[in-house]
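The structure appears below as structure tokens.
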């Protein structure tokens, strides 16, 4: 076969131009895909990053957070002693103080003593070949949340997780291999203490098909329940300030 | 020769990096299908160059048609609730792999042929020397 040199020259030129054009377009789009969409996803939205509390971001702020919490606890103690001394006055202030203490007790702002149970949730020690899935052998934030919810449902009057009191605005989040409770980092084993009727609490948790059954299906050793005659649960030390909500001046009907 | 398209690719990447238009997440599938169509066209084109059957108009129209049909399919898939991006990505990837294997085979046979030719020429000259002392 004879090769026409002129013809060959023509095709050589044309492929370079068109292939270059297409490759340029591909490169352009590729760069857009990597840089453009990446940027868009980092952009903080109205409901995205701004809602995550900044204390989850660095160890340093976590430490200052801890010391601030201690200070809050101290100040609250001082406040209650002041309230007590005030209550020594007349009956009106005594009544006000009583209702105040009641409200604080309900909100978890006071230490609490009483009978109850302790639930200890720990990660499974079985090897990966013995577990159906590795995920199942780990205690997740959802497990803690479900146990706490079950305890409230069974009439628990106070609940603490790893000695952090669960307050009315407490949240449970999962960050990597640790669990955040109100921004405080904890990890398994998780010790959940509750004050209430021990039999009732125990029964609710051991309900067939309940949350503990789900965990026990994976590994019996992950759950331990203990009935305690006298628990001591510390007060809630998280923030109690309101920024948006206000009590309406006129009671609405 | 082969350097010019590579240079063009780099220019394209640089342009994209400099302009860095924000692509909304909802439009990302369309971009993805366009990238895949482009890559598919490049590999298909390289194959036809090696086969000596390259034609500019077929190459360029193929590129544009692939992009347009891919985008249309994704739009349609959005409407009927089928992830057409996966389907398009699968087909384009399959074609890229096929073309790549053909290109590799052609390059290897060409290299083999060259080596064989050299060997024959060497053997020929050796034969000539031995016959004419």
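Residue numbers (the numbering used here), protein chains in the order written: chain A, 1 to 253; chain B, 254 to 386.
All C-beta atoms, glycine included, are put in the ideal place defined by N, C-alpha and C.
### Task
Give me the Cβ distance between residue 159(A) and residue 144(A), rounded to the nearest whole Å; I'm assuming they're in contact under 8 Å.
Numbered from its first residue, the first chain carries residue 159(A) at position 159. Numbered from its first residue, the first chain carries residue 144(A) at position 144. Distance from residue 159(A) to residue 144(A) at the Cβ level is roughly 10 Å; contact not present, criterion being Cβ atoms closer than 8 Å.
### Query
What do you get for residue 237(A), buried or exposed, if any count of 16 or more other CB atoms within 10 angstroms of its CB means buried?
Counted from its first residue, the first chain places residue 237(A) at position 237. Answer is buried; the Cβ neighbour count reaches 16.
### Task
Please compile the residues from chain B whose C-beta is within a distance smaller than 7 Å of the C-beta of residue 179(A).
Against the first chain, residue 179(A) aligns to sequence position 179. In chain order: nothing, as chain B lies at least about 29 Å away.
### Message
Looking at residue 26(A): is its Cβ nearer than 7 Å to the Cβ of residue 291(B)?
### Response
The count along the first chain starts at 1 and reaches residue 26(A) at position 26. The count along the second chain starts at 1 and reaches residue 291(B) at position 38. For residue 26(A) and residue 291(B), yes; Cβs fall inside 7 Å.
### Query
Excluding the five sequence neighbours on either side, which residues of its own chain have a C-beta within less than 8 Å of the C-beta of residue 156(A), listed in chain order?
Indexing the first chain from 1 puts residue 156(A) at position 156. Apart from sequence neighbours up to five positions away, the residues of its chain that approach residue 156(A) with a beta-carbon distance below 8 Å are 116, 194, 195, 196 and 201, ordered along the chain.
### Query
Nearest-angstrom Cα distance between residue 316(B) and residue 365(B)?
To locate residue 316(B), count along the second chain from 1; it is residue 63. To locate residue 365(B), count along the second chain from 1; it is residue 112. About 33 Å.
### Task
Tell me, please, whether the CB atom of residue 258(B) is closer than 7 Å to any CB atom in chain A?
The residue labelled residue 258(B) in the question sits at position 5 within the second chain. True, the Cβ-Cβ gap to chain A drops below 7 Å.
### Query
Could one say the Cβ of residue 323(B) lies closer than 7 Å to chain A's Cβ atoms, at least one of them?
Numbered from its first residue, the second chain carries residue 323(B) at position 70. No, its Cβ sits nowhere closer than 7 Å to a Cβ of chain A.
#### Entry: Classification of residue 232(A) by the beta-carbon crowding that lies within 10 angstroms, buried from 16 upward
Residue 232(A) sits at position 232 when you count from the first residue of the first chain. Exposure of residue 232(A) is indicated by the presence of fewer than 16 other C-beta atoms within 10 angstroms of its C-beta.
### Task
With DSSP as the reference, label residue 249(B) as helix, strand or coil.
Given a span of 254 to 386 for chain B in the structure shown, any question on residue 249(B) remains unanswerable.
### Query
Within this structure, are the beta carbons of residue 122(A) and residue 29(A) separated by less than 7 Å?
Residue mapping note: residue 122(A) aligns to position 122 of the first chain, counting from 1. Residue mapping note: residue 29(A) aligns to position 29 of the first chain, counting from 1. Contact flag unset, no.
### Message
For residue 198(A), tell me which candidate among 169(A), 226(A), 182(A) and 62(A) has the shortest Cα-Cα distance.
### Response
Counting from one through the first chain, the residue named residue 198(A) turns up at place 198. Per the C-alpha coordinates, the member of 169(A), 226(A), 182(A) and 62(A) positioned closest to residue 198(A) is 226(A).
### CB contact check: residue 355(B) to chain A, cutoff 7 Å
Working through the second chain from its first residue, we reach residue 355(B) at position 102. Not one chain A Cβ lies under 7 Å of residue 355(B).
### Task
Look at residue 141(A) and residue 174(A) and say whether their C-beta atoms are less than 7 Å apart.
One-based indexing of the first chain puts residue 141(A) at position 141. One-based indexing of the first chain puts residue 174(A) at position 174. Contact annotation: residue 141(A) and residue 174(A) have beta-carbon atoms nearer than 7 Å.
### Query
Heavy atom of the ligand MN less than 6 Å from the Cβ of residue 174(A), yes or no?
Absence of the ligand MN is noted for the structure shown, with no ligands found whatsoever.
### Message
Between which residues of its own chain and residue 380(B) is the CB-CB distance below 8 Å, once the five residues before and five after are set aside?
### Response
If you number the second chain from 1, residue 380(B) lands on position 127. Excluding residues within five positions, none has a Cβ falling inside 8 Å.
### Query
residue 81(A): which of 68(A), 63(A) and 101(A) sits nearest, CA to CA?
To locate residue 81(A), count along the first chain from 1; it is residue 81. Nearest of 68(A), 63(A) and 101(A) to residue 81(A), Cα basis: 101(A).
### Query
Leaving out five residues before and five after residue 351(B) in sequence, what residues of the same chain have Cβ atoms less than 8 Å from its Cβ?
For the purposes of this step, residue 351(B) is taken as the residue at position 98 of the second chain. Excluding positions up to five away in sequence, the list is empty.
### Query
What whole-angstrom Cβ distance do residue 189(A) and residue 120(A) have, given they're in contact under 8 Å?
Reading the first chain from its first residue, position 189 is the one you call residue 189(A). Reading the first chain from its first residue, position 120 is the one you call residue 120(A). Confirmed, about 6 Å.
### Query
With a CB to CB cut of under 7 Å and the five nearest residues on each side skipped, what residues in its chain are close to residue 283(B)?
The residue you call residue 283(B) lines up with position 30 of the second chain. Closer than 7 Å at the Cβ level, and outside the excluded window around residue 283(B), lie 324 and 327.
### Task
Mind checking who residue 231(A) pairs with in its DSSP beta bridge?
As a first step, residue 231(A) is located in the first chain; it is residue number 231 there, counting from the start. DSSP lists 114(A) as partners of residue 231(A).
### Query
Mind listing which residues of the segment 348–381 of chain B have their C-beta closer than 7 Å to chain A's C-betas, in chain order?
Taken residue by residue, none of the segment 348–381 of chain B has a beta-carbon sitting less than 7 Å from a beta-carbon on chain A.
### Task
Return the residue from the list 281(B), 295(B), 286(B) and 279(B) that minimises the CA-CA distance to residue 259(B).
For this step, residue 259(B) is matched to residue 6 along the second chain. Per the Cα distances, 295(B).
### DSSP beta-bridge partners of residue 351(B)
Counted from its first residue, the second chain places residue 351(B) at position 98. In the DSSP output, where bridge partners are listed per residue, residue 351(B) has none listed.
### Query
Quick one: which chain A residues come within Cβ less than 7 Å of residue 337(B)?
Residue 337(B) sits at position 84 when you count from the first residue of the second chain. Neighbours of residue 337(B) on chain A: none; closest Cβ ~18 Å, over 7 Å.
### Query
If you draw a straight line from the C-alpha of residue 249(A) to the C-alpha of residue 97(A), how long is it?
One-based indexing of the first chain puts residue 249(A) at position 249. One-based indexing of the first chain puts residue 97(A) at position 97. The straight-line gap separating the alpha-carbon atoms of residue 249(A) and residue 97(A) is approximately 22 Å.
### Query
In three-state DSSP terms, what is residue 325(B)?
Along the second chain, one-based indexing puts residue 325(B) at 72. Helix at residue 325(B).
### Task
Please report the residue range of the alpha helix (DSSP H) in which residue 158(A) lies.
Sequence index remark: in the first chain, residue 158(A) carries index 158 (1-based). Run containing residue 158(A): none in the alpha helix (DSSP H); it sits in the beta strand (DSSP E), 158–161.
### Query
Taking the DSSP output, what are the residues bridged to residue 74(A)?
Here residue 74(A) is taken as the residue at index 74 of the first chain, counted from 1. In the DSSP output, where bridge partners are listed per residue, residue 74(A) has none listed.
### Task
Please go through the same chain and pick out, in chain order, the residues whose beta-carbon is closer than 6 Å to the beta-carbon of residue 113(A), but skip the five residues on each side of it.
For the purposes of this step, residue 113(A) is identified with residue 113 of the first chain, where counting begins at 1. Excluding residues within five positions, the ones whose Cβ falls inside 6 Å are 232.
### Task
List the residues of chain A whose Cβ lies closer than 7 Å to the Cβ of residue 302(B), in chain order.
Mapped onto the second chain, residue 302(B) falls at position 49. Under the 7 Å cutoff, chain A gives 15.
### Query
Can you list, in chain order, the residues of its chain whose CB lies under 6 Å from that of residue 109(A), leaving out five sequence neighbours each side?
Counted from its first residue, the first chain places residue 109(A) at position 109. Result list for residue 109(A): 235 and 236, in chain order.
### Task
With a 10 Å radius around its C-beta and 16 neighbouring C-beta atoms as the bar for buried, classify residue 95(A) as buried or exposed.
For the purposes of this step, residue 95(A) is taken as the residue at position 95 of the first chain. Here residue 95(A) is exposed. Its C-beta has fewer than 16 other C-beta atoms within 10 Å.
### Query
The alpha helix (DSSP H) spanning residue 106(A) covers which residue range?
Taking the first chain and counting its residues from 1, the one referred to as residue 106(A) is at position 106. Counting along the chain, the unbroken alpha helix (DSSP H) around residue 106(A) starts and ends at 91–107.
### Task
Could you say which of 385(B), 348(B), 331(B) and 370(B) lies nearest to residue 280(B) if we only look at CA atoms?
Working through the second chain from its first residue, we reach residue 280(B) at position 27. Nearest Cα to residue 280(B) within the set 385(B), 348(B), 331(B) and 370(B): 331(B).
#### Entry: Rounded straight-line distance, which links the Cα of residue 341(B) to that of residue 348(B)
The count along the second chain starts at 1 and reaches residue 348(B) at position 95. The count along the second chain starts at 1 and reaches residue 341(B) at position 88. Cα-Cα distance, rounded: 11 Å.
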